[in-house]
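Taking my numbering, the leading residue of the sequence shown gets 197, the next gets one more, and so forth.
Built from N, CA and C at the ideal position, the CB exists for glycine as well.
All figures in this text were calculated on a predicted structure; none of them were measured in a lab.
See below for the structure under consideration.
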Amino acid sequence: MLIVNPFGGTRQGLAILDQVKPVFSGAGIEVDVRTTECAGDARQIARTLPLDCYGNLCVVGGDGTVHEVVSGLIEGGQSASIPLGIIPAGTGNDVARQFGIASPLDAAGRIIAGRTSPFDVMKVDAGGETDYCVTLVGWTGVADINATAARLRSLGWLR
Numbered sequence: 197m198l199i200v201n202p203f204g205g206t207r208q209g210l211a212i213l214d215q216v217k218p219v220f221s222g223a224g225i226e227v228d229v230r231t232t233e234c235a236g237d238a239r240q241i242a243r244t245l246p247l248d249c250y251g252n253l254c255v256v257g258g259d260g261t262v263h264e265v266v267s268g269l270i271e272g273g274q275s276a277s278i279p280l281g282i283i284p285a286g287t288g289n290d291v292a293r294q295f296g297i298a299s300p301l302d303a304a305g306r307i308i309a310g311r312t313s314p315f316d317v318m319k320v321d322a323g324g325e326t327d328y329c330v331t332l333v334g335w336t337g338v339a340d341i342n343a344t345a346a347r348l349r350s351l352g353w354l355r
């Protein structure tokens, strides 16, 4: 199964799919492709996917798409049941770079070879909501404080 984000990063998801699909076919691997249409689609697909029908799940997208898929897998209770392949198609591709994945074709080769590496996911509970982090967590508290201080500048030292 390939979850493809055609809109993320440099908008090259479909072109990258066209590069890697023949590699999988050449290895005798049939792929089922699901294409996202809007933000949140990858999460929903991963959350509801019947993973017992697939040997692997691959993401063609950037860090945001990887985040959505990992979050969806965890929310669907399926996070540990299937290997996740990452085929970089974003702008930064930090997650793929953490694993030394040099290109989409390199990623496809690693997936076909069954090369896996565990990685940590952080659960973040804030404001009554739960999310999962695969690269970084940002806290906007400092920015909020600075914005409030700027609005209260007229109060001088009292702010």
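Legend entry - Simplified DSSP state of Ala309, which is helix, strand or coil: Your numbering for residue 309 matches position 113 in the sequence shown. Correct three-state label for Ala309: helix.
Legend entry - Residue span of the beta strand (DSSP E) that contains Thr326, given as start and end: Residue mapping note: residue 326 aligns to position 130 of the sequence shown, counting from 1. Counting along the chain, the beta strand (DSSP E) containing Thr326 begins and ends at 325-329.
Inset, instruction - Mind the definition here: the region 221-230 touches the region 275-283 only if three or more C-beta pairs lie below 8 Å; say whether that holds. - result: No, because fewer than three Cβ pairs between the region 221-230 and the region 275-283 fall closer than 8 Å, the two stretches do not touch.
Inset, instruction - Can you say whether Gly204 is buried or exposed, counting buried as having 16 or more other CB atoms within 10 angstroms of its CB? - result: By 1-based counting over the sequence shown, the position of residue 204 is 8. Counting Cβ neighbours within 10 Å, Gly204 comes out buried, since at least 16 surround it.
Inset, instruction - Determine the extent of the alpha helix (DSSP H) in which Gly222 is found, giving its start and end residues. - result: Along the sequence shown, one-based indexing puts residue 222 at 26. Residues 209-222.
Inset, instruction - Please name the residue in Ser275, Gly209, Asp321 whose C-alpha comes closest to that of Arg243. - result: Locating residue 243 in the sequence shown gives position 47, counting from the first residue. Checked all of Ser275, Gly209, Asp321; the closest Cα to Arg243 is Ser275.
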